[in-house]
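Here the sequence shown is numbered in our numbering, starting from 346 and rising by one per residue. Beta carbons: idealized from backbone N, C-alpha and C, even for Gly. Okay, structure first, notes after.
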Amino acid sequence: MKLAGVFFRGLAMGAADVVPGVSGGTIAFITGIYGRLLDAISGVSPALLTTLRREGFTAAWKQLDGTFLLTLGSGILVAIASLAKVIHYLLMHHPIALWAFFFGLIIASCWHIGRTIQQWRWQELAAIALGTVVAGWISMASPTEIEASLPVVFVAGSIAICAMILPGISGSFMLLLMGLYGPVMAAIKGLDLPLLGTFAAGALLGLLLFSRLLSWLLHHFESVVLALLTGFMVGSLVKVWPWKETLLTRINSKGEEVPFIQSNVLPLMDVSLWWALGLMFAGAILVLGMERLTTKKDTD
346 MKLAGVFFRG
356 LAMGAADVVP
366 GVSGGTIAFI
376 TGIYGRLLDA
386 ISGVSPALLT
396 TLRREGFTAA
406 WKQLDGTFLL
416 TLGSGILVAI
426 ASLAKVIHYL
436 LMHHPIALWA
446 FFFGLIIASC
456 WHIGRTIQQW
466 RWQELAAIAL
476 GTVVAGWISM
486 ASPTEIEASL
496 PVVFVAGSIA
506 ICAMILPGIS
516 GSFMLLLMGL
526 YGPVMAAIKG
536 LDLPLLGTFA
546 AGALLGLLLF
556 SRLLSWLLHH
566 FESVVLALLT
576 GFMVGSLVKV
586 WPWKETLLTR
596 INSKGEEVPF
606 IQSNVLPLMD
616 VSLWWALGLM
626 FAGAILVLGM
636 ERLTTKKDTD
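This is the structure in C-alpha cells:
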C-alpha cells in the first residue's frame with residue numbers, strides 16, 4: 346500500500362473523529378486498513394524492546410510497522426488540526442448535510458463489509474444483532490455527569506480510545522455520555538497538563554490492551570468479529586440519522602450553544618431533503634468506488 350494512500354486514510358479518520366458520533370475506526374474498517382492497524386498497535390510489546398536491543402532500530406521499526414503508523418498518524422493529526430474548524434462549521438450550520446453524507450457512507454459500508462463475510466451461521470447472525478443493539482443503545486443513551494477526578498479521567502481515557510477504534514462507536518461521544526467531554530475539551534484549551542497526562546496515560550493503556558485483544562479475535566474468529574463490527578455500524582445509524590429534534594442544549598468550550606440531547610424525527614418534504622438524499626448517495630458512491638478501486642488493485 347502506497348504511503349499517500351495511507352496518509353489520505355489518516356486524513357479521513359481524523360475528520361471522522363472530530364464529529365461526535367462518528368468513529369475513525371469506521372473509516373479504517375471501510376478503507377481496508379483495520380486489521381493492519383490493530384496488528385501494528387498490538388505489536389507494541391516487550392518483544393519489541395527485545396528486537397530493538399538485539400537487532401537494532403531498523404528491525405524494531407519494521408516489526409512495529411512504524412512507517413505505516415507514522416504516516417497514518419500524521420494524516421490523522423493534520424486532519425484534526427486543519428479540518429476541525431470546517432467540520433465544526435458544518436455541524437453548526439449544515440448538520441443535516443453532514444449527517445446525511447455519513448449516513449450514506451455507513452450504509453454502503455455495512456453492505457460492503459457484510460459481503461466479505463464468507464458464511465452466515467447462527468454465530469454471525471447473533472454477533473451482528475448484538476453489535477446493532479449495543480451501538481444503538483449507546484447512541485440513544487442519555488448523558489450523565491461525573492466528577493472529573495484524575496482516576497475517573499484515567500478510566501475515561503481507556504474507554505474513549507477503545508470506542509474510537511471500534512467502528513460505529515465514537516470516542517468523543519462516549520466522553521459526552523460520561524459527562525467528561527466538556528472537562529477534557531476545557532483541559533485541552535487551558536493546557537491542564539495533569540488532567541491531559543492522566544487522560545493520555547489511560548488512553549495509551551486502553552489502546553495497547555484492547556487492540557491486542559481485538560487483533561487476536563479478528564485472526565481467530567474473523568467472520569464473527571466482522572459481523573459484530575458490522576452490527577456496530579448498523580447501530581450507529583441511530584446516531585447519524587440526519588433529521589433530529591433538539592430537546593436540550595449545552596454550552597461548549599467555545600461558549601457556543603450546541604445540541605446536547607436530541608431525538609430522531611422524520612424529514613420534511615422540501616428542498617433540503619433532496620440535497621440530503623444526494624449527499625447520502627455521494628457517501629455511498631464513495632465507499633463503493635473505494636471498494637472497486639481496491640478490488641482492481643488486488644486483481645492487478
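Per-residue burial, residue i [other beta carbons within 10 Å of its own, 16 or more giving buried]
i: ASP643; result: Caution is warranted here: a pLDDT of 48 is assigned to ASP643, below 50, making its placement in the model unreliable, and no coordinate value can be reported.
i: THR416; result: buried
i: ARG354; result: buried
i: ALA501; result: buried
i: HIS457; result: buried
i: THR403; result: exposed
i: PRO496; result: exposed
i: VAL376; result: Per the sequence shown, residue 376 should be read as Thr rather than Val. Its Cβ being crowded by 16 or more others within 10 Å, THR376 is buried.
i: PRO391; result: exposed
i: ILE287; result: For the chain, the structure presents residues 346 to 645; residue 287 sits outside this window and is missing.
i: ILE421; result: buried
i: ILE378; result: buried
i: ILE533; result: exposed
i: THR396; result: buried
i: ILE606; result: exposed
i: ARG398; result: exposed
Contact check, residue i vs residue j, beta carbons under 9 Å
i: SER387; j: LEU553; result: yes
i: PHE446; j: MET625; result: yes
i: ALA357; j: ALA426; result: no
i: VAL529; j: VAL498; result: yes
i: GLY535; j: ILE491; result: no
i: ILE432; j: ALA629; result: no
i: ALA548; j: ILE473; result: no
i: SER608; j: SER484; result: no
i: ALA394; j: ALA385; result: Sequence inspection shows Leu at residue 394; the Ala mentioned does not correspond to that position. Not closer than 9 Å, so no.
i: PRO612; j: PHE448; result: no
i: GLY661; j: ASP362; result: In the structure as shown, the chain starts at 346 and stops at 645, and residue 661 therefore has no counterpart that could be examined.
i: LYS430; j: PHE518; result: no
Cβ-Cβ separation, residue j to residue i (assumed contact under 8 Å), whole Å
i: SER556; j: ILE510; result: 6 Å
i: GLU590; j: VAL610; result: 5 Å
i: GLY359; j: GLY369; result: 7 Å
i: LEU563; j: LEU383; result: 6 Å
In DSSP terms, what residue i is bridged to
i: GLU590; result: SER608
Residue i at chain C interface by Cβ criterion, 9 Å
i: LEU417; result: The question asks about chain C, but that chain is absent: this structure has only one protein chain.
(request) Indicate whether the contact test is met: 3 or more Cβ pairs, each with one atom in the stretch 470–485 and one in the stretch 562–581, closer than 8 Å. (result) yes
(message) Would the stretch 533–548 count as touching the stretch 433–445 if we require 3 or more Cβ pairs under 8 Å?
(response) No: the two stretches stay apart, fewer than three of their Cβ pairs being nearer than 8 Å.
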